[in-house]
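Undergrad: Sequential numbering from 6 applies to the sequence shown in the working numbering.
C-beta atoms are modelled at their ideal positions from N, C-alpha and C, and glycine is treated no differently.
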Amino acid sequence: MTQDRELQAIAQRYARRDERLAGLERYSLLRPEVWQMLHERQAATLRLLAAHRAAPGSSLAGVDGPLPPSEWRMTEVGCGAGGNLMDLLRLGALPQHLTGIELLPERLEAARAALPQQLRLLAGDASQAAVEPGSQDLVLQSTVFSSILDDALQRRLADAMWRWLKPGGAVLWYDFIVDNPRNPDVRGVPLARVRALFPQGRATVRRVTLAPPIARAACRVHPAAYRVLNTIPLLRSHVLALITKTP
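1. Taking its Cβ as the centre, do 16 or more other Cβ atoms sit within 10 Å of ALA135, making it buried, or is it exposed?
2. Measuring only the C-alpha atoms, how far is SER140 from ARG78?
3. Measure the alpha-carbon distance for ARG263 versus ALA216 and round it to whole angstroms.
4. Have a look at SER132 and ARG168 and give me their C-alpha separation to the nearest angstrom.
5. Taking 7 Å as the limit between beta carbons, can you name the residues of its chain near ILE15, skipping five residues before and five after?
6. Can you tell me which of the three DSSP states ASP190 falls into?
7. With burial defined as no fewer than 16 other Cβ atoms inside 10 Å of the residue's Cβ, what is the status of HIS57: buried or exposed?
8. Going straight from the alpha carbon of PRO303 to that of ALA55, what length do you get?
9. How many Å lie between ALA163 and GLU114 at the Cα?
10. Could you check the C-alpha separation between VAL191 and ASN89 for me, to the nearest Å?
11. Starting from TYR231, trace the alpha helix (DSSP H) both ways and give me its first and last residue.
Dropping the structure here:
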């Protein structure tokens, strides 16, 4: 499959997903399983970033001590409507130091409406995006690679993300690792595949997120059931990883 055909297929798969979920509140933040998933991931991400900033050789470590978030340069691949970029702004990042890349025009327009004008938003194929090599402290992706069914496009995108990083920078990765038998438009990205995409990286990995079907069923019983079941690592369906580009 050519790259253009795969990009078109990704857009079609997202369109089918959006149509299927239209009118559903499955992903509403008012649902107990959704906000617990989000809070868990946010807390784990902050712990990873704090440790990375303090690590010797990290691009966030600075010469005279850890750099404040206002000095971090970051790019998100597949920024959607801008939710993760908003989290970075709340962390203290400056909008002029952030870049979001989005394939789907309607999602990019939603991001433009929600985010500061100084924040750079790029449309189209992220593997071809105009991001200067060696310029970024962090490159983020959240459930993007599981929507790419073509191995070659996955490889090109991973190579681009790695190329953008400074020495000591890192890829911040969040994606699910198991296939969804009810959804042929996505596929899990096992940890072995993550390591193969970034073979030169040093990965710190956390297994997170109670598998959504289990989480929904558990929270129908009681919201606290999420925390109980999430203590069992095998029931977690996603990987959160910080993959460092060693100097």
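TA: Reading from the atomic positions:
1. Here residue 135 corresponds to residue number 130 of the sequence shown, with the count starting at 1. With fewer than 16 Cβ atoms within 10 Å of its Cβ, ALA135 is classed as exposed.
2. Taking the sequence shown and counting its residues from 1, the one referred to as residue 140 is at position 135. Taking the sequence shown and counting its residues from 1, the one referred to as residue 78 is at position 73. The straight-line gap from Cα to Cα measures roughly 7 Å.
3. Any answer about residue 263 is impossible in this case: the structure gives the chain only from 6 up to 252.
4. Taking the sequence shown and counting its residues from 1, the one referred to as residue 132 is at position 127. Taking the sequence shown and counting its residues from 1, the one referred to as residue 168 is at position 163. Going by the C-alpha atoms only, they are around 10 Å apart.
5. Within the sequence shown, the letter at position 10 stands for residue 15. LEU108, SER152, ILE153, listed in sequence order.
6. As a position in the sequence shown, residue 190 is number 185, starting the count at 1. DSSP places ASP190 in coil when its eight states are reduced to three.
7. Taking the first residue of the sequence shown as position 1, residue 57 is located at position 52. By the 10 Å Cβ count, HIS57 comes out buried.
8. With the chain represented from 6 up to 252, any question about residue 303 goes unanswered, as that position is not in the structure.
9. Your numbering for residue 163 matches position 158 in the sequence shown. Your numbering for residue 114 matches position 109 in the sequence shown. ALA163 and GLU114: Cα-Cα distance of roughly 25 Å.
10. In the sequence shown, counting from the first residue as 1, residue 191 sits at position 186. In the sequence shown, counting from the first residue as 1, residue 89 sits at position 84. Cα to Cα, the separation comes out at about 21 Å.
11. As a working note, residue 231 is residue 226 in the sequence shown. Unbroken alpha helix (DSSP H) run through TYR231: 230-234.
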